[in-house]
Amino acid sequence: MGLFDAAVAGDDAVVVAARWDTAGLRARAENGDLPPMLRGLVRVPRQAVSSAAHAGGTTLAGRMAALPRPDALRLLVESVQGHVAAVLAHGSAGSVEVNRPFNELGFDSLTAVELRNRLNADTGLRLPATLVFDHPTVTSLAEYLFTTLAPPEAVPEDTLRDALARIDRALASANGEADSIRDRLVPILQSALAKLGSAPAARGGVMDQIESASDEEIFALIDNEL
4 MGLFDAAVAG DDAVVVAARW DTAGLRARAE NGDLPPMLRG LVRVPRQAVS
54 SAAHAGGTTL AGRMAALPRP DALRLLVESV QGHVAAVLAH GSAGSVEVNR
104 PFNELGFDSL TAVELRNRLN ADTGLRLPAT LVFDHPTVTS LAEYLFTTLA
154 PPEAVPEDTL RDALARIDRA LASANGEADS IRDRLVPILQ SALAKLGSAP
204 AARGGVMDQI ESASDEEIFA LIDNEL
């Protein structure tokens with residue numbers, strides 16, 4: 004230990020004998036997140052490395068797409084926390100403070116690149132090497148990823164256009180019931196047009212219902228309005 008302390012305290016580069024946890028290194032290699040300088044210490048089947056390198060990006064984006072925007076951002080924060088914990092060898096992601104700067108958490112240039120590489124694999128993005136320095140906390144980094152990965156918020160006009168297109172498709176496939184459906188739709192559409200000139204809160208309520216409704220729910224909404 005005396006020799007180790009002397010090596011750490013000195014300014015010169017030295018060779019240090021160390022026993023590596025090869026099982027742990029192999030597990031990280033199979034996950035595709037082993038630092039390049041350590042890859043020569045373990046042998047991993049090429050197929051495992053390939054599958055690990057390409058897994059995760061679509062899954063993460065898909066999970067985000069299925070969630071409301073606040074929950075999708077929370078998912079990203081938790082994902083970044085998990086990667087930070089893995090890079091710093093923390094016991095759990097919860098031990099990573101989301102608003103504490105990365106340099107205070109113990110990051111240096113090597114671990115910053117390692118985190119970037121893990122996030123590249125998880126998101127399918129090609130993130131810059133300066134990622135950790137440009138977005139220096141878990142929260143700010145997750146927010147940056149959110150702006151890149153999250154689908155844009157629906158524009159009210161686009162939502163209405165989509166709803167009308169769905170109604171048009173439903174009418175086209177209604178066969179003999181088209182006239183009956185059309186008769187029910189006309190007063191509802193007239194009422195909706197009138198509401199476009201009403202208070203913003205009222206417009207927002209209608210838009211929220213239309214945006215999240217299925218075709219069946221749209222017609223149920225029409226029935227309720229009659």
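Just so we're aligned: 163 in the working numbering is position 160 of the sequence shown, and the numbers increase by one with no gaps anywhere. Just so you know, even glycine gets a beta-carbon here, dropped at the ideal spot from N, CA and C.
query	result
Assumed close pair residue 101, residue 45 - CB separation to whole angstroms, cut-off 8 angstroms	With a Cβ gap of about 32 angstroms, residue 101 and residue 45 do not count as contacting.
Continuous alpha helix (DSSP H) stretch holding residue 85: start and end	72 to 90
Residue 71 beta carbon less than 8 angstroms from that of residue 104	no
Secondary structure of residue 136, DSSP reduced to three states	helix
Distance between residue 98 and residue 150 (C-alpha atoms, nearest Å)	25 angstroms
Beta-carbon proximity check, residue 67 vs residue 124, cutoff 8 angstroms	no
Supposed close pair residue 12, residue 19 - CB separation, criterion 8 angstroms	At roughly 13 angstroms, the Cβ-Cβ gap does not stay under 8 angstroms, so residue 12 and residue 19 are not in contact.
Outcome for residue 110 when other beta-carbon atoms lying within 10 angstroms are tallied against a minimum of 16	buried
Straight-line gap, residue 116 to residue 5 (C-alpha atoms, nearest Å)	32 angstroms
Buried versus exposed, by CB contacts within 10 Å (16 or more), residue 132	exposed
Range of the contiguous alpha helix (DSSP H) that encloses residue 178	Element bounds for residue 178: n/a, residue is neither H nor E.
Three-state secondary structure assigned by DSSP to residue 128	coil
Straight-line Cα distance separating residue 190 from residue 196	10 angstroms
Which of helix, strand or coil DSSP assigns to residue 205	Low confidence applies here, because residue 205 scores a pLDDT of 48, under 50, leaving its location unreliable; read the following figure in that light. Reduced to three states, the DSSP call for residue 205 is helix.
CB contact check: residue 185 to chain B, cutoff 8 angstroms	The structure shown contains no chain B, having only a single protein chain.
Buried/exposed call for residue 22, threshold 16 Cβ in 10 Å	exposed
Alpha carbon of residue 184 to alpha carbon of residue 198, nearest angstrom	21 angstroms
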